[in-house]
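Positions 1 to 800 (UniProt numbering) are the ones given, in order, by the sequence shown.
Have a look at the structure below, then the notes.
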Amino acid sequence: MMGRQTAGNSQSNGEATVEGYVDHIIFRNNDNGYTVMVLVCDGEELTCVGSLQYIGEGELIEARGVYKNHSTYGKQFQIETYEIKQPEDILSIERYLGSGAIKGIGVAMAARIVRRFKEDTFRIIEEEPERLTEVKGISERIAREIAQQVEEKRDMRKAMIFLQQYGISTSLGVKIYAQYGQNIYQIIKENPYKMADDINGVGFKIADEIASRVGIHTDSDFRIRSGILYTLQQSSMDGNVYEPKAGLMLKAGELLGVSPEAIEKHIMDLAIERKLILKEEGEDVCVYSSSAYYIELNTARMLLDLNVSCSVSDSKVEARIARIEEENETMLDQLQEKAVKEAARNGLLIITGGPGTGKTTTINVLIDYFEHEGLKVRLAAPTGRAAKRMTEATGCDASTIHRLLELSGVPEENSGRVQFERNAQNPLEDDVIIIDEMSMVDIHLMHALLNAVSVGTRLIMVGDVNQLPSVGPGSVLKDMISSGCFPVVCLTKIFRQATESDIVVNAHKINAGEKVILDNKSRDFFFLKRDDANVIISVMLTLIQKKMPKYVDATPYDIQVLTPMRKGLLGVERLNGILQQYMNPPASDKREKESGGGIFREGDKVMQIKNDYQLEWEVRGNYGIPIEKGAGVFNGDMGVIREINTFSETVTVEFEERRFVEYSFKQLEELELAYAVTIHKSQGSEYPAVVIPLLSGPRMLMNRNLLYTAVTRARKCVTLVGSQDTFYQMIQNTTQQKRYTSLDKRIRELYEQEKEMSGHDAGEESFRSGSDTESEFHTASGRVSEFEPEFDAEFDLHYD
């Protein structure tokens, strides 16, 4: 029997069952198991496609699925489920053994084995492997290896079938089997929540779903403990490093469907096991995951280690500054000069200031100063866009922090945490490191950076403390400043050329809570009053497609819509669907892929929405030839879909700097359309022009901090469309969602310990040499349907 094809029982939906052996594999994606292969059924070849991670050439399978006609490749059988069967007839057994599925057995040896043992071949291999030595060319060692391979394949297939009944995918099943081996049966049936602790990719929800299928009770100790850790993990995704105990009990209780009181005992048990750290802060108890607490503590320790004084005379620094000013035909103000002096005196310095206050000029002078001293200077920023801007502004190469630290692309085993080649054992070899856009740096990236910076290397951190905090957990820049333990220079003067831009002037007014005049007499700051969401969208379409490209000398794709929310009439999800229809409509020559309830189309503007350290990219030169390769695509990276390949089930995206990344269809959850993005996602980016729809939204979200960040994303033009009342309310609303972070407290604690151990009071001023006074810092940090194009005629004058 070579194979058979039979109609399935469910004739109404076209399901069928086929049986045959795998003649050859045409294509396989090793990441997701997607396979294109030829199956021989009753002597006829049948092209089959599906997720078939463990099928090899020569194997006999029974598969269930549906027949489809592919527009390019013709008739195919789409496999939905399959079962690997043991070959029974002599020809099938010989074909399987000779296919290469078992290492060490070629076509000739397979024929000799089957000639000797006939239909009894598999029983001999499994039960009496020593008898394989009866075949010429097989030693005892080879016989043992053949038997071991057959057993391992059988065990893994059995495990995969077992896991599939609990809804576990093949790719995840591989990780689980690699971790536990034959112990998976006991773990799944007794404590599937253990997988959430041990294996990256198995979260609480997956483990909880498996547990419910197994029949584990909702009040299981395993379940509650895992739910507490999961709640903390979710809290970190909102930017928090810890959760107050009362809040954690409430959130975990809601998640698990148990009373908050039932949670408290397990919090204490986890603390005893050191999986949680509890810290009393006044009347509150702060609950940290163990890893979050120690990463914050170690970050504080490394920051203080770098904060050393350097012996240098003021006259020497002033003479060098004067020479740089003369050579570059520039003039520093008092605060900028102070920043250079503090950088020369200290191992660690923080420079903060809003737009137009001379941060870039200061960086340029710092580069000149240290290079004249014969020191090696490196520049970096958190994102590719920010690094590119830094390069353009300084004329020196700047990289992302990930590239500076030489991202390995290989996560730590089981934990999934990213690994860098540069670390404490292999530190950076630079003398001075300048990091821009520090407000975007979260606690994890800060810890990795400090881990690779040796004591004696100067670290200069530049940023705008009034920007939105990082997407990841922590408020690193704000906490470092508020600790009062480091030199800080706040640049406050707005330079003359910057005052010519109403974007800069109005940004500072917004930050100061002052009234912004919206008379549309500006050249780069406009407000179009509209009170209907659909009308607002019509106006935005006209701006993006007709008015602004010529006005700012950019393409429609360069103009970015920034909106406060994801949901709602003016949220990202709705806006992207509408903007896609007008900016990249369907066409016969554009392939599409449906994913997550939406459509991806060739030519679409897209954004990566999570850090993926293993995604490989390549820079392509002329004729598409790869000239550089690497790994890592990060949250907020934006690109354009260049190709959708329905045969290989991949989507190719071109990001900035001609980095091409190939996504499997299963990885498309990491992408979303980016014609409109949330203001939070725009951090660190700069666009030729931005359009900001403002109508209404939650008070906690619609605040001054958000508006300030949105306005400062534009280089040439800001246009707000919507309600002036909402605009003014946002300026007055200083309410922000509180982030639970404590880096400042850890820094302060360690600093006080150092003072006690040293036996003398170093005095705050020595640690804050060059810092502005506390009141000055608080001042600088913000004082504690159908859519047809439509536009006002009078505004044509401004954009034409």
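We put the beta carbon where it would ideally sit given N, CA and C, even for glycine.
Distance, residue j Cα to residue i Cα
i: Glu657; j: Glu254; result: 46 Å
i: Tyr67; j: Ser648; result: 18 Å
i: residue 887; j: Arg154; result: What is shown of the chain runs 1 to 800, which leaves residue 887 out entirely.
i: Gln425; j: Thr646; result: 45 Å
i: Lys245; j: Asp219; result: 20 Å
i: Ile193; j: Arg713; result: Before going further, note that residue 193 is Tyr rather than Ile in the sequence given. For Tyr193 and Arg713, the distance between alpha carbons rounds to 43 Å.
i: Pro427; j: Tyr73; result: 52 Å
i: Leu91; j: Gly106; result: 15 Å
i: Cys485; j: Lys275; result: 30 Å
i: Ala380; j: Ala387; result: 6 Å
i: Leu97; j: Ile142; result: 14 Å
i: His266; j: Ala211; result: 19 Å
i: Glu764; j: Lys755; result: Reliability of the predicted coordinates at Glu764 is poor, the pLDDT of 42 falling under 50, and the value obtained from them is presented with this limitation in mind. Approximately 10 Å between the Cα atoms of the pair.
i: Asp430; j: Arg422; result: 12 Å
i: Gly456; j: Val308; result: 8 Å
i: Gly621; j: Gly568; result: 42 Å
i: Thr499; j: Arg385; result: 25 Å
i: Met440; j: Ile25; result: 46 Å
i: Asn451; j: Val462; result: 19 Å
Whole-angstrom C-beta distance between residue j and residue i, which should lie under 8 Å
i: Arg225; j: Asp208; result: Not a contact, Cβ separation roughly 12 Å.
i: Ile460; j: Arg378; result: The Cβ separation is near 11 Å, so there is no contact.
i: Ile324; j: His447; result: No, Ile324 and His447 are not in contact; Cβ-Cβ is about 34 Å, not under 8 Å.
i: Ile173; j: Thr383; result: Contrary to the premise, residue 173 reads as Gly rather than Ile in this sequence. Not confirmed; about 35 Å, so no contact.
i: Tyr471; j: Gln667; result: Checking the sequence shown, residue 471 turns out to be Val, not Tyr. The Cβ separation is near 20 Å, so there is no contact.
Whether residue i touches residue j by CB criterion (7 Å)
i: Phe525; j: Asn511; result: no
i: Val651; j: Val561; result: no
i: Val49; j: Gln78; result: yes
i: Thr361; j: Ala393; result: no
i: Phe420; j: Glu406; result: yes
i: Arg213; j: Tyr166; result: yes
i: Glu670; j: Lys610; result: yes
i: Val18; j: Ile55; result: no
i: Pro693; j: Thr563; result: yes
i: Gly58; j: Cys41; result: no
i: Ala676; j: Asn576; result: yes
i: Val572; j: Thr719; result: no
i: Tyr242; j: Tyr740; result: yes
i: Phe495; j: Gly356; result: yes
i: Ile102; j: Ile84; result: no
i: Leu707; j: Met730; result: yes
i: Glu80; j: Gly104; result: no
i: Met540; j: Gly697; result: no
i: Gly358; j: Gln334; result: no
i: Val114; j: Ile93; result: yes
i: Ala344; j: Val365; result: no
Contact set for residue i: own chain, Cβ-Cβ below 6 Å, skip 5 residues either direction
i: Tyr293; result: Ile277
i: Val633; result: Gln608, Asp612, Leu615 and Val661
i: Val285; result: Lys245 and Leu278
i: Ser139; result: none
i: Phe162; result: none
i: Phe117; result: Ile124
i: Lys509; result: Val516
i: Phe767; result: At Phe767 the pLDDT is 38, less than 50, meaning the model places this residue with poor confidence and gives no usable figure here.
i: Ile536; result: Arg530, Pro693, Val721 and Gly722
i: Ile627; result: Val619 and Gly621
i: Leu570; result: Ala533, Thr563, Pro693 and Leu695
Contacting residues, own chain, Cβ-Cβ under 8 Å from residue i (five flanking each side not counted)
i: Lys629; result: Glu616, Trp617, Glu618 and Val619
i: Ile187; result: Tyr180, Lys194 and Met195
i: Glu134; result: Arg116
i: Thr231; result: Glu243, Leu248, Lys251, Ala252 and Leu255
i: Asp314; result: Lys341
Contacting residues, own chain, Cβ-Cβ under 7 Å from residue i (five flanking each side not counted)
i: Glu654; result: Gly639, Val640, Arg642 and Phe660
i: Ala398; result: Leu379, Ala380, Ala381, Ala387, Met390 and Thr391
i: Ile599; result: Glu592
i: Ile263; result: Ile224, Ile228, Met249, Ala252 and Gly253
Residue i beta carbon near the ligand FAD (any heavy atom closer than 6 Å)
i: Met700; result: Although the ligand FAD was asked about, the structure shown includes no ligands whatsoever.
- Pair every Cβ in the region 596-609 with every Cβ in the region 568-587, then say whether three or more of these pairs are closer than 8 Å. yes
- Task: Evaluate contact between the region 471-489 and the region 337-348, counting only Cβ atoms and requiring at least three cross-stretch pairs below 8 Å.
- Result: In this structure the region 471-489 lies against the region 337-348, because at least three pairs of beta carbons, one per stretch, are closer than 8 Å.
- Any contact of the region 30-44 with the region 103-116, i.e. 3+ C-beta pairs under 8 Å? no
- Message: Between the region 381-395 and the region 525-540, can you find at least three pairs of beta-carbon atoms closer than 8 Å?
- Response: no
- Message: Quick test of the definition: if touching needs 3 or more C-beta pairs under 8 Å, does the region 544-552 touch the region 730-740?
- Response: Result no; under three Cβ-Cβ pairs closer than 8 Å.
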